[in-house]
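One structure is given here, and the rest of the page talks about it.
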């Protein structure tokens, strides 16, 4: 069975949104031009995949994404099963971190549908994490939460500003 364009578009749209949201959460607010640049990177990925119906600008994407969330987003038994699998494979502590992180990053409509609540215990922790990054001591926090099997691979992804 082939995967329809709309499914790939959904994932692409989520990646655009979460890329911007996570950067702004961990670093700083992006300018409109920077957001447009993020959009363009993913737009190129989508066009190279041959996806149809992609918006032609960041502003068009914003409207399309919001309309999609309002019209097509629904929790289902698949949602429940997905979260059961998250809990099973992450364990209780990392699963709780996932939920707390989602509170900070998902759009409000998603947070409502998943009944996540608005306040996250990670909010104050982010300040500590940001400070640890400036001091190049973020490895300590990461070593506490990352699965040992993936620590070396994740460490290779770290880029510290000069």
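In this note's numbering, the protein residues as written are 49 to 210. Just so it is clear, CB atoms sit at the ideal spot from N, CA and C, and this is done for glycine as well. None of the values given here were measured: they were computed from a predicted structure.
Residue ranges of each beta strand (DSSP E) run of no fewer than 3 residues wholly in the region 65-141, ordered along the chain? none
Is there contact between the region 113-125 and the region 72-79, where contact requires at least three CB pairs shorter than 8 angstroms? no
What separation, rounded to the nearest whole angstrom, lies between the Cα atoms of residue 104 and residue 81? Within the chain shown, numbered from 1, the residue matching residue 104 stands at position 56. Within the chain shown, numbered from 1, the residue matching residue 81 stands at position 33. Near 15 angstroms, if we compare the C-alpha coordinates of residue 81 and residue 104.
Return yes when the Cβ of residue 155 is within less than 8 angstroms of the Cβ of residue 65, no when it is not. Locating residue 65 in the chain shown gives position 17, counting from the first residue. Locating residue 155 in the chain shown gives position 107, counting from the first residue. For residue 65 and residue 155, yes; Cβs fall inside 8 angstroms.
Reference residue 161; option with closest CA among 169, 108, 178 and 117: Mapped onto the chain shown, residue 161 falls at position 113. Nearest C-alpha to residue 161: 117.
For residue 59, count the other beta carbons within 10 Å of its own beta carbon; 16 or more makes it buried, fewer makes it exposed. Which is it? For the purposes of this step, residue 59 is taken as residue 11 along the chain shown, with counting starting at 1. Under this definition residue 59 is an exposed residue.
If I measure Cβ to Cβ from residue 97 and keep anything under 7 angstroms in the same chain, skipping five residues before and after, which residues do I get? Indexing the chain shown from 1 puts residue 97 at position 49. Same-chain partners within the cutoff: 56.
Beta-carbon proximity list for residue 170, same chain, < 8 angstroms, skipping 5 on both sides: Your numbering for residue 170 matches position 122 in the chain shown. Cβ within range, chain order: 145, 148, 149, 151 and 152.
Assigned secondary structure, residue 210 (DSSP; H/G/I helix, E/B strand, else coil): Residue mapping note: residue 210 aligns to position 162 of the chain shown, counting from 1. Model confidence at residue 210 stands at a pLDDT of 48, short of 50, so the residue's coordinates are unreliable and nothing is read from them.
When the Cα atoms are used, what is the spatial distance from residue 119 to residue 51? For this step, residue 119 is matched to residue 71 along the chain shown. For this step, residue 51 is matched to residue 3 along the chain shown. Cα to Cα, residue 119 sits roughly 20 angstroms from residue 51.
Through-space distance from residue 92 to residue 138, alpha-carbon basis: Stepping through the chain shown from its first residue, residue 138 is reached at position 90. Stepping through the chain shown from its first residue, residue 92 is reached at position 44. If I take the Cα positions, the gap works out to 33 angstroms.
With residue 179 as the anchor, note down where its alpha helix (DSSP H) starts and where it stops. Counting from one through the chain shown, the residue named residue 179 turns up at place 131. Its alpha helix (DSSP H) spans residues 170-182.
Can you tell me whether residue 167 is buried or exposed? The criterion is at least 16 other CB atoms within 10 Å of its CB, across all chains shown. Translated into the one-based positions of the chain shown, residue 167 becomes position 119. Classification of residue 167: exposed, given that the 10 Å Cβ count is below 16.
In its own chain, which residues sit with a C-beta less than 7 angstroms from the C-beta of residue 111, not counting the 5 before and 5 after it? Mapped onto the chain shown, residue 111 falls at position 63. Correct list: empty, nothing qualifies.
Applying the criterion that 16 or more other CB atoms from any shown protein chain within 10 Å of the CB defines a buried residue, is residue 101 buried or exposed? Walking along the chain shown from the start, residue 101 turns up at place 53. Exposed, because fewer than 16 other Cβ atoms sit within 10 Å of the Cβ of residue 101.
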